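Worksheet: one structure, shown below.
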Amino acid sequence: MKTMLLHTCCAPCLTYPLTILKQEFAVTSYFFNPNIHPYKEFIRRLQTLREYSQKQKLKLIVDKTYNLEEFLLNCLQIQPVRCVHCYQVRMLKVAEYAKISGYDCFSTTLLVSPFQKHELLKDICQQVANQVGIEFYYQDFRPGFEIGKQLSLEAQLYRQAYCGCIFSERDRYEKKKIS
Ligand code: SF4
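Okay, structure coming up:
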């Protein structure tokens, strides 16, 4: 069975992709999300993921790096949209970790969300994969988004009301989608 390092943004987004991926891969979850603000929210999402991973008997690797100033500065400077930096920094980290640790490939649970910039994310993952020299496994998990929602409700997971960064926390009040 091939090994996969699965970047995991949060437990609710993990639910559906995991049911699919574990049929084909030995999956390890990897949490690296310096985009989650404020820090209290970061800890809450991480804690939810820890509990869910334990129940699923899923190996979880956590990188708690949290460079808030650097993240915000880059989001504002790298254009055309803040998500470019957000995806780049997270996908590069997971790809590099996967490469040095000997995984066969990497992927991300962000591919399940209809609220993400799916095509941009996919392109950045592929660019990073080429740069690092590791396979990026792509699957459009969005058709399973509602199933994942149901799974997370059944598991009584904490479900956040915004993507992660402080900008998206503000935007939810303007009912703006980021995709
Ligand atoms: S909206 Fe989401 S993906 Fe975009 S920068 Fe903020 S946290 Fe990252």
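Residue numbers (this note's numbering): 629 to 807.
The beta carbon of each residue, even a glycine, is placed where N, CA and C say it ideally should be.
Keep in mind the model is a prediction, meaning the values are calculated, not measured.
Quick check on H665: does DSSP put it in helix, strand or coil?
Position 37 of the sequence shown holds residue 665. Coil.
Does ligand 1 have even one heavy atom less than 7 Å from the beta-carbon of R673?
Residue 673 sits at position 45 when you count from the first residue of the sequence shown. Not under cutoff, so the answer is no.
May I ask you to check if the CB of R710 is nearer than 7 Å to at least one heavy atom of ligand 1?
Here residue 710 corresponds to residue number 82 of the sequence shown, with the count starting at 1. Yes, the beta carbon of R710 sits closer than 7 Å to at least one heavy atom of ligand 1.
Using the three-state DSSP reduction, which class does L686 fall into: helix, strand or coil?
Against the sequence shown, residue 686 aligns to sequence position 58. Of the three classes helix, strand and coil, the one that applies to L686 here is coil, per DSSP.
Alpha carbon to alpha carbon, what distance is there between P708 and T656?
As a first step, residue 656 must be located in the sequence shown, where it is residue number 28. As a first step, residue 708 must be located in the sequence shown, where it is residue number 80. Approximately 32 Å, taken between the alpha carbons.
Mind checking whether V690 and L701 have CB atoms under 8 Å apart?
In the sequence shown, residue 690 corresponds to position 62, counting from 1. In the sequence shown, residue 701 corresponds to position 73, counting from 1. For V690 and L701, no; Cβs fall outside 8 Å.
Let me confirm a value: M629 is counted as buried when at least 16 other C-beta atoms fall within 10 Å, else exposed. Which label applies?
Reading the sequence shown from its first residue, position 1 is the one you call residue 629. With fewer than 16 Cβ atoms within 10 Å of its Cβ, M629 is classed as exposed.
Any heavy atom of ligand 1 closer than 7 Å to the Cβ of C753?
Position 125 of the sequence shown, counted from the start, is the residue given in the question as residue 753. No - ligand 1 has no heavy atom lying nearer than 7 Å to the Cβ of C753.
Quickly, what does DSSP pair H635 with across the bridge? List them, please.
What you label residue 635 is simply residue 7 of the sequence shown in a count that begins at 1. H635 pairs with Y658 and T736.
Could you tell me which of Y644, L749 and L633 sits nearest to F659, measuring between CA atoms?
Looking up residue 659 in the sequence shown gives position 31. Among Y644, L749 and L633, the Cα nearest to that of F659 is on L633.
Nearest candidate by alpha-carbon position, reference P742, set R718, Q716, Y790 and Q759
For the purposes of this step, residue 742 is taken as residue 114 along the sequence shown, with counting starting at 1. Closest option to P742, Cα to Cα, is Y790.
Just to confirm before moving on: does the CB-CB distance between A639 and Y680 stay below 8 Å?
Within the sequence shown, numbered from 1, the residue matching residue 639 stands at position 11. Within the sequence shown, numbered from 1, the residue matching residue 680 stands at position 52. Going by C-beta atoms, A639 is nearer than 8 Å to Y680.
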